[in-house]
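Residue numbers (my numbering): 75 to 336. Each residue gets a CB set at the ideal place from its N, CA and C atoms; glycine is no exception. Everything on this sheet refers to the single structure shown next.
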Amino acid sequence: MEPTETDWLSSYAAWSDETAATLAEGRTVFRAACDATFDEQVGNAPSERLQATAAMARASCGSRSPAGWRRGEAAVVRELLAVHAVEFPPRRRLDFSDIASVSVGVEPTVYCWQPESWAELLPQYAILRAGEEVSLRGILDRERNRIDLDPGICASLADYVEGVRPLRLSNQFLLLGEALRVLTHQAEHLRDPSASEAEVECRALQHVRPLAARAGWEEEVTTEVALQAWQIAYPRLPAPFRSPECRDGGAFDRDPDSSIWP
Ligand SMILES: [Zn+2]
Numbered sequence: 075m076e077p078t079e080t081d082w083l084s085s086y087a088a089w090s091d092e093t094a095a096t097l098a099e100g101r102t103v104f105r106a107a108c109d110a111t112f113d114e115q116v117g118n119a120p121s122e123r124l125q126a127t128a129a130m131a132r133a134s135c136g137s138r139s140p141a142g143w144r145r146g147e148a149a150v151v152r153e154l155l156a157v158h159a160v161e162f163p164p165r166r167r168l169d170f171s172d173i174a175s176v177s178v179g180v181e182p183t184v185y186c187w188q189p190e191s192w193a194e195l196l197p198q199y200a201i202l203r204a205g206e207e208v209s210l211r212g213i214l215d216r217e218r219n220r221i222d223l224d225p226g227i228c229a230s231l232a233d234y235v236e237g238v239r240p241l242r243l244s245n246q247f248l249l250l251g252e253a254l255r256v257l258t259h260q261a262e263h264l265r266d267p268s269a270s271e272a273e274v275e276c277r278a279l280q281h282v283r284p285l286a287a288r289a290g291w292e293e294e295v296t297t298e299v300a301l302q303a304w305q306i307a308y309p310r311l312p313a314p315f316r317s318p319e320c321r322d323g324g325a326f327d328r329d330p331d332s333s334i335w336p
């Protein structure tokens, strides 16, 4: 039986992780052996539309270093996004680039996906990124300085730029905090590519209050958005994305002299 796209992507992810681990140990991966294990363990594209993705995956065997391998993986993700963008192309949002610019100081191109294409992309993307990201609602392409966003995150950000105030006693405070964290998290990866996930996430958390304040709402609203991000969302994050240094006066506090937190 022919593998499904899901089967094929899982095989590719396992093979790629294994090869990346070998390279990380400082061992040499010879081109011929790499091509042979790809043909054995991954094989041809399971569908016409994944042909370019499969070609890109096999071409990873041309890289000899951990960094080169990561670039190969990024190229595969980029091809997968391109496959799913064909029918409902993502839309560029200059105003969301501005959010990253005023908070983090980087200027990524930001794209918002449409629900139809995102729903198809997400489970496939998740196979390639299993466990590596705090949230699969934002996708970063470092080399292209680009962030692709989940339609739900985009809806919250669109309300935010239009100044729509979160409704009292609703989950909109939490959703806005999440939207601001997802965007600034990926932007923080661009600003400091060597920072850990825990540091990146902690910095993202601290962008929530100043960004909410820019909307011009009453201070209680701004405080509520920031507090819900800290008290409700933060403790729910997987362990690698949290740190005891993420606190007032901790190593990840962006403004250690101030007692305002987060
Ligand atoms: Zn991250």
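Check                                                                                                        : Outcome
Near ligand 1: E207 beta-carbon under 6 Å from a heavy atom                                                  : yes
Per-residue burial, S244 [other beta carbons within 10 Å of its own, 16 or more giving buried]               : exposed
Coil, strand or helix - T183 by DSSP                                                                         : strand
Cβ pair count under 8 Å reaching 3, the region 172–180 against the region 266–285                            : yes
Helix, strand or coil at R321 [DSSP, three-state]                                                            : coil
Contact check, H263 vs L214, beta carbons under 7 Å                                                          : yes
Per-residue burial, L254 [other beta carbons within 10 Å of its own, 16 or more giving buried]               : buried
Beta-bridge pairing of D222 - partner residues as DSSP gives them                                            : Y185 and I213
Proximity test, V151 beta-carbon vs ligand 1 heavy atom, cut-off 6 Å                                         : no
Buried versus exposed call for G323 [16 or more other C-beta atoms within 10 Å across all chains shown]      : exposed
Heavy atom of ligand 1 within 6 Å of E147 beta-carbon                                                        : no
Sequence-distant residues of the same chain with beta carbon closer than 8 Å to P267, five excluded per side : R216
Residue closest to E298, alpha-carbon to alpha-carbon, out of L249, R321, A229 and T258                      : L249
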